[in-house]
Amino acid sequence: MSITVQKLSKEYQTQKAVDAIDFSIQPGEIVGFLGPNGAGKSTTMKMLTGFIPPSSGMATVCNFDIQKDTEQVKKNIGYLPEHNPLYVDMYVKEYLAFVAGVYQVKEVAKRVQEMIALTGLDKEQGKLIRQLSKGYRQRVGLAAAMIHDPKVLILDEPTTGLDPNQIVEIRNVIKQIGKDKTVLLSSHIMQEVQAICSRVIIIHQGKLVLDSPIEDLKKRAGDGFVYLIELETEIANEAWKEIGGVKKVEQQGALQWRISADKDIRNVILQKTVQMNWGLKGLQEEKQSLEAIFQQLTQAKN
Ligand SMILES: Nc1ncnc2c1ncn2[C@@H]1O[C@H](COP(=O)(O)OP(=O)(O)OP(=O)(O)O)[C@@H](O)[C@H]1O
Ligand SMILES: [Mg+2]
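Following this line, the structure appears as structure tokens:
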């Protein structure tokens with residue numbers, strides 16, 4: 002296991018910021034960590050990265066205990082903290098070389114160049130960090146987090162404050178690096194988690210309320226696979242039921258239907274509409290909205 006968390010808790014004065022959470026993450030997984038403001042995401046991440054000690058419970062990163070083997074944990078983890086603290090009076094290259102030095106990286110110049118290329122910092126590499134836009138600072142943070150080639154990446158809201166183009170680019174970078182690393186990333190953007198994560202963990206008021214593969218979220222709705230279909234021809238609702246696997250048919254407009262099925266029947270729908278000459282104009286899978294699940298699970302039950 003890359004990360005294991007057992008009954009991990011953190012108390013601040015009287016408040017339980019993290020309340021006995023359990024989960025484990027396997028090598029190669031990209032896991033989205035969700036929860037409303039104040040849920041305890043950053044606190045959990047700070048404990049995993051050895052920045053603050055837990056009040057109780059335990060966790061391991063690459064089989065190293067976060068309390069006993071903090072040095073090993075830090076070597077194996079790349080951490081992009083929430084507010085991405087950087088030395089703003091350093092040049093990009095200088096800063097990355099400095100971080101590489103801290104981690105005793107070999108062939109520093111080569112590694113810095115690799116990270117600059119990976120995070121798309123080529124044009125900005127000669128600038129002072131204070132001269133960079135927020136998105137580029139975020140890239141520097143990511144480059145720094147990865148410079149020692151850690152096995153596990155902990156990214157606290159890596160795309161916050163970025164413009165839509167940069168969001169897409171940073172997501173692609175994370176997806177790319179996620180191919181051979183384990184990634185735990187927090188986010189408030191459901192679409193982002195659906196786009197890049199294979200699994201989602203939701204916490205609310207310090208407690209874990211959901212741990213599920215993204216794929217399985219569809220099943221939670223009870224509707225199975227849902228398709229929104231638009232045709233050029235008006236047909237009777239019953240005609241859809243001739244397709245094997247169709248459970249429910251709802252007409253949504255003159256030429257629009259919402260079809261639920263037990264399994265993936267996109268191919269069959271395609272075949273049927275062509276065969277019957279119904280003129281398929283649109284076939285879209287309706288994703289069970291993670292947003293709806295999130296709201297259900299985290300609407301405060303104080
Ligand atoms: N150093 C601290 N002292 C006291 N309370 C703290 C401290 N750090 C965090 N907390 C509290 O712990 C709770 C969890 O905070 P945390 O920063 O982990 O939430 P979060 O899930 O990361 O939220 P956000 O989405 O806003 O970043 C909050 O109520 C916060 O006020
Ligand atoms: Mg936070």
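Numbering (the working numbering) for the sequence shown: 2 to 303. From the three backbone atoms N, C-alpha and C, an ideal C-beta is built for every residue, glycine too. Since we're looking at a predicted model, the values are computed, not measured.
- Put simply, of R112, K273 and V269 the residue whose alpha carbon is nearest the alpha carbon of D150 is R112.
- Of the residues assessed, E193 falls on the buried side of the cut-off, its CB having 16 or more other CB atoms within 10 angstroms.
- Leaving aside the five residues that flank E235 on each side, the residues in its chain whose CB is nearer than 7 angstroms to its CB run, in chain order, A255 and L256.
- Cβ contact annotation for E292 (same chain, cutoff 8 angstroms, sequence separation greater than five): M191, in chain order.
- Taking a C-beta distance under 8 angstroms as the contact criterion, I148 and I31 do not qualify as a contact pair.
- If the five residues before and after F65 are omitted, its C-beta is found closer than 8 angstroms to the C-beta atoms of Q73, V74 and N77, all from its own chain and listed in chain order.
- Taking G36 as reference, the option from E12, P28 and V19 with the minimal CA-CA separation is V19.
- Relative to ligand 1, the nearest heavy atom lies less than 7 angstroms away from the CB of Y13.
- The beta carbon of R140 lies closer than 6 angstroms to those of T120 and L122 in the same chain, with the five residues before and after it left out.
- In the DSSP assignment, M59 falls within the unbroken beta strand (DSSP E) covering S57 to V62.
- Assigned with DSSP and collapsed to three states, Q276 falls in helix.
- When the Cα atoms are used, Y104 and G79 turn out to be separated by approximately 11 angstroms.
- Nearest to S187 by alpha-carbon distance, out of G33, E170, K135 and K273, is G33.
- Distance between G102 and L229, taken at the CA atoms: about 54 angstroms.
- When rounded, the separation of the alpha-carbon atoms in K124 and V184 is 27 angstroms.
- The residue from I22, D164 and R172 with its alpha-carbon nearest to that of S57 is I22.
- In this structure, DSSP gives P54 a state outside helix and strand, which the three-state scheme calls coil.
- Remark: the shortest separation between the CB of G136 and any heavy atom of ligand 1 does not fall under 7 angstroms.
- The beta-carbon separation of F99 and I203, rounded to 37 angstroms, does not stay under the 8 angstroms limit for a contact.
- Boundaries cannot be given for A237, as no beta strand (DSSP E) includes it and DSSP labels it neither H nor E.
- Annotation: P86 to L163 spans about 16 angstroms, alpha carbon to alpha carbon.
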